[in-house]
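Residue numbers (this note's numbering): 9 to 309. Note that beta-carbon positions come from the ideal geometry of N, C-alpha and C, so glycine has one too.
In structure tokens, the structure reads:
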């Protein structure tokens, strides 16, 4: 083993063999870290892999077989899923989910952006108190509000319609997304607002032409989360909808399970796979905006 000293620097001698022995340790540490990450990823993705495999299994072997991969693959499950059930085509369920998700995205993005602009850029009496009260609603569990909300909508004769599921979206009822908009809009320089006022622009022009275009990452983040949560929502439609023709996909899935007769688990798995496709595509298309919006929403300018 040899030692070297950097001339003229006064640094202590450096052992040449130490650097060579540290390199294998770093490589082994890197390999262990990657193998650990792959193991965790396999555990997280196993349910998805099981669902994909189960969608190609005959119904009796889905719960009666321990094999992950289907021994007798079949596409009959997807054919039955495409035919629908109870005389209702699968496109009707997809259309209901798309309608609810689309209107929820539009209402949440628009109302949250307007409320966020008011809290972040305007100065008015009671702004701080109102903002604290808005944030405090995040502490209220959804289950606490179920009975009062249902009673209100029942008195308005709106039960078994989509309005109970959509009204709150258009009234900035999602405090989380309002907070996201506020935090992001605070990162936009206030000098832009001053320049707009010098040019004669009012609050609406400033919001529409300056703040809103610069808030695109936060808008896309809000749209992604709203779409996914609405598309997968089961509890809300279960409470307010009673007509099968109005069911979205999550509520239609439970129709394949009947405790009194034979349940079609194969079609259920196939329908679940079809229901995942729009969510995955929506997320993949907008994921770069999602990362940017979440990364900058906690900053304050």
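Which of helix, strand or coil DSSP assigns to residue i
| i | result |
| --- | --- |
| residue 292 | helix |
| residue 306 | Legend: pLDDT at residue 306 = 45, less than 50; position of this residue unreliable, no value from coordinates given. |
| residue 223 | coil |
| residue 209 | coil |
| residue 171 | helix |
| residue 133 | coil |
| residue 254 | helix |
| residue 83 | coil |
| residue 201 | helix |
| residue 149 | coil |
| residue 73 | coil |
| residue 229 | helix |
| residue 195 | coil |
| residue 102 | helix |
| residue 242 | coil |
Residue(s) in a DSSP beta bridge with residue i
| i | result |
| --- | --- |
| residue 93 | 96 |
Proximity of residue i and residue j at Cβ, strictly below 8 Å
| i | j | result |
| --- | --- | --- |
| residue 241 | residue 67 | no |
| residue 88 | residue 275 | yes |
| residue 125 | residue 192 | no |
| residue 175 | residue 142 | no |
| residue 173 | residue 244 | yes |
| residue 229 | residue 188 | yes |
| residue 180 | residue 119 | yes |
| residue 127 | residue 190 | yes |
| residue 246 | residue 259 | yes |
| residue 252 | residue 45 | no |
| residue 61 | residue 77 | yes |
Burial state of residue i, where buried means 16 or more other Cβ atoms lie within 10 Å
| i | result |
| --- | --- |
| residue 129 | buried |
| residue 278 | buried |
| residue 54 | exposed |
| residue 137 | exposed |
| residue 307 | Confidence at residue 307 is low in this model, with a pLDDT of 45, below 50, so its placement is unreliable and the value that follows should be read with caution. Residue 307 should be labelled exposed. |
| residue 105 | buried |
| residue 145 | exposed |
| residue 79 | exposed |
| residue 70 | buried |
| residue 239 | buried |
| residue 293 | exposed |
Among the options, nearest to residue i - alpha-carbon criterion
| i | options | result |
| --- | --- | --- |
| residue 236 | 109, 201, 54 and 97 | 109 |
| residue 248 | 91, 169, 59 and 81 | 169 |
| residue 255 | 98, 204 and 234 | 98 |
| residue 113 | 82, 208 and 233 | 233 |
| residue 195 | 204, 238, 205 and 218 | 218 |
| residue 281 | 73, 261, 91 and 250 | 261 |
| residue 290 | 212, 231 and 167 | 231 |
Proximity test, Cβ basis, 8 Å: residue i and chain B
| i | result |
| --- | --- |
| residue 49 | Here chain B cannot be found, since the structure has a single protein chain. |
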